[in-house]
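Residue numbers (this note's numbering): 3 to 194.
So this is what it looks like as structure tokens:
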């Protein structure tokens, strides 16, 4: 776990941490042209013993505390991913249409996973936690040696902070990185 000392980050180890859970991974072919996939992870993560952990006070300074019995940051209890792909052939052309959905329930992201951060201090919803609910899509067409792929990521422009961290040597300052916004593109590939 990364602990912030006010001027630097140091690595600290919890005495004991465990995670129990279930993982599912399935693939289904309802017809010759359709493929549906689903995967899920369901976890119960916990710092069994972490007496030297840290949380952040109203000035964003680290305060040493016992985090035993709390949930580690950056570990989601529920992670889901599903996709549906339809493939087709018409004469010299073949292609596919694909949509996928990724879901990660709310996790604590402050300080690289050290501790829960008091969101009421910041007053900025979601700055100390992250939840992902993203839909992507793509359409691909191939003829002879040419592949054309049209794609879109984060189609509904889901917004969240990927990680946050205290600014070194700047007391009271907190930084964060946003996720990628809605993005579109076209890839063209030729085979020789």
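Even glycine gets a Cβ: it sits at the ideal position worked out from N, Cα and C. No experiment lies behind these values; they were computed from the predicted model shown.
Residue 77 is a Cβ neighbour of residue 21, given a cutoff of 8 Å. Annotation: residue 178 to residue 143 spans about 39 Å, alpha carbon to alpha carbon.
Counting only the Cα atoms, residue 72 lies some 14 Å from residue 66.
Residue nearest to residue 109 within the set 89, 99, 147, 133 is 133 (criterion: CA-CA distance). Note that the C-beta distance between residue 139 and residue 157 is below 8 Å. Apart from sequence neighbours up to five positions away, the residues of its chain that approach residue 84 with a beta-carbon distance below 6 Å are 40, 103, ordered along the chain. In this model, residue 184 and residue 135 are separated by some 13 Å (Cα to Cα). Sixteen is the threshold: since fewer than 16 other Cβ atoms of the shown chains lie within 10 Å of the Cβ of residue 93, the residue is exposed. In the structure shown, the three-state DSSP call for residue 31 is coil. In the structure shown, residue 181 falls within a coil segment according to DSSP collapsed to helix, strand and coil. Annotation: the continuous beta strand (DSSP E) that includes residue 41 extends over 36-51. Taking residue 74 as reference, the option from 87, 56, 90, 97 with the minimal CA-CA separation is 56. Contact between residue 181 and residue 161 is confirmed by a C-beta separation of about 7 Å, below the 8 Å threshold.
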